[in-house]
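Heads up: the sequence shown runs through residues 2 to 298, numbered per the working numbering.
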Amino acid sequence: MKKARLIYNPSSGREEMKRRLPDILDRLDKGGIEASCHATTGEGDATLSASKAIEDGYDLIIAAGGDGTIYEVINGMAEYDNPPPLGVFPLGTTNDLSRALGVPKNWEDYCDLVIRQNARPIDVGRFNDRYFINIAGGGSLTELTYEVPSRLKTMIGQMAYYMKGIEKVVNLTPTELKITANGQEPLHEEFMIFLVANTNSVGGFEKLAPGARIDDGLLDFIGVKKCNIAEFIRLISIAARGEHLNDPKIIYFQTDRLEIEAPSNNVQINLDGELGGSLPGIFEILPQKLQVFSDLK
Numbered sequence: 002m003k004k005a006r007l008i009y010n011p012s013s014g015r016e017e018m019k020r021r022l023p024d025i026l027d028r029l030d031k032g033g034i035e036a037s038c039h040a041t042t043g044e045g046d047a048t049l050s051a052s053k054a055i056e057d058g059y060d061l062i063i064a065a066g067g068d069g070t071i072y073e074v075i076n077g078m079a080e081y082d083n084p085p086p087l088g089v090f091p092l093g094t095t096n097d098l099s100r101a102l103g104v105p106k107n108w109e110d111y112c113d114l115v116i117r118q119n120a121r122p123i124d125v126g127r128f129n130d131r132y133f134i135n136i137a138g139g140g141s142l143t144e145l146t147y148e149v150p151s152r153l154k155t156m157i158g159q160m161a162y163y164m165k166g167i168e169k170v171v172n173l174t175p176t177e178l179k180i181t182a183n184g185q186e187p188l189h190e191e192f193m194i195f196l197v198a199n200t201n202s203v204g205g206f207e208k209l210a211p212g213a214r215i216d217d218g219l220l221d222f223i224g225v226k227k228c229n230i231a232e233f234i235r236l237i238s239i240a241a242r243g244e245h246l247n248d249p250k251i252i253y254f255q256t257d258r259l260e261i262e263a264p265s266n267n268v269q270i271n272l273d274g275e276l277g278g279s280l281p282g283i284f285e286i287l288p289q290k291l292q293v294f295s296d297l298k
């Protein structure tokens, strides 16, 4: 029987995990997986728990929660060579990684996916000494995810981001950036916002980085050049349809490594919805760093 460490956020998904936990453990056990649990208690706890699970020799790790929980677990695993496979149980507000992997939302189907032990390799992004799986970004709007209170996200879900976003849009200001990327001419521009994507699902939108693939060994850079509020709102509307990449206000390219400096500003970096440090920094891809349970090929 395989041993699993189930790391879960008890407040994610309107506290669904606490209600379903006995049923989940029973189904896994009947499928040959003996799971022990750890309920996270605060910032960084999931990272420590994932690291300890590897040190203790668990056969697999299951992360149950939102993108923030997944981010912490990955940061506890990515420092190791050949870490055990990872299961991702989607319970959060946007669940970007689960969308990209086609992970089922139904808890019974998810348990069966883990029981089948069908894993695929995925890339992991790194910014300086931190890791991310979905998205890195900078600019006022990228601060949304760690400014929205977790209790509000639990209560009203995605609407919490929309409410905070309305407040942010009216105060957007451009930031001077110097960007050097493999295979690209150096850039020196003012940007309203920039994103570095590893998957095609960003903040719940699956057309924002339509060319991104979680196993292609590349990062997708999307930058919005300096513009007024009306232009920015127009870009948001066409981005929802996936029609933004050829717009003259958008800079888009793929690369495996890029360095970004902000000469005039202190620009904080958002990694999978969490504060991940500030510029300057190097973004790079670690190809096929983790094995994750998924039925997608």
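Quick reminder that beta carbons are idealized off the backbone N, C-alpha and C, glycines included. Note that the structure is a prediction, hence the values are computed from the model and not measured.
G282 to I261, Cα distance in whole Å? 6 Å
Kindly indicate which three-state DSSP category P264 falls into: helix, strand or coil? coil
Between which two residues does the alpha helix (DSSP H) carrying R235 extend? I230 to A240
Terminal residues of the alpha helix (DSSP H) in which L26 lies: E17 to K31
From the DSSP secondary-structure annotation, give me the bridge partner or partners of A40. Y9
Through-space distance from G140 to P175, alpha-carbon basis: 8 Å
Whole angstroms are fine: how far does the CA of G69 sit from the CA of A47? 10 Å
Let me check one thing: in DSSP terms, what residues is E190 bridge-paired to? L178
CB-CB under 6 Å to K3, same chain, minus the five flanking residues each way: which ones, in chain order? I34 and D60
Mapping DSSP to helix, strand and coil, what is S279? strand
Fully enclosed by the region 55 to 84, which alpha helix (DSSP H) runs are 4 residues long or longer? 68 to 78
C-alpha gap between L1 and A240, whole angstroms: With the chain covering 2 to 298 only, the question about residue 1 has no answer from this structure.
Does D221 come out as helix, strand or coil in the three-state DSSP assignment? strand
Buried versus exposed, by CB contacts within 10 Å (16 or more), I215: buried
Nearest candidate by alpha-carbon position, reference L287, set L272, G278 and D257: D257
Identity of the residues DSSP links to A198 by a beta bridge: I136 and D221
Please state whether DSSP places Y147 in a helix, a strand or coil. Only weak support is given to the placement of Y147: the predicted model assigns it a pLDDT of 43, under 50, and the value that follows is read from those uncertain coordinates. Here Y147 sits in helix by DSSP.
Ends of the beta strand (DSSP E) at D124? A120 to F128
Please report the residue range of the alpha helix (DSSP H) in which V115 lies. W108 to R117
Identify, in the order they occur along the chain, each residue of the same chain with its Cβ nearer than 7 Å to the Cβ of P84, setting aside the five sequence neighbours on each side. I55, M78 and L291
Where do the N-terminal and C-terminal ends of the beta strand (DSSP E) with G88 fall, by residue? L87 to P91
Check K208 in the structure and name its three-state DSSP category. coil
In this structure, what does DSSP give as the bridge partners for K226? F192
Inter-residue Cα distance where the pair is G218 and V293: 16 Å
Between A65 and N229, what straight-line distance do the alpha-carbon atoms span, to the nearest angstrom? 40 Å
What do you reckon, are the CB atoms on V89 and I75 nearer than 7 Å? no
For S265 and M193, the rounded distance between their alpha carbons: 14 Å
Tell me, please, which residues DSSP counts as bridged to R131. F128
List the whole-angstrom C-beta distance separating I5 from A36, where the pair is believed to meet the contact cut-off of C-beta under 8 Å. First, the amino acid is wrong: residue 5 is Ala here, not Ile. That belief holds up - the Cβ atoms of A5 and A36 are roughly 4 Å apart, short of 8 Å.
Under the three-state DSSP convention, the category L287 falls into: strand
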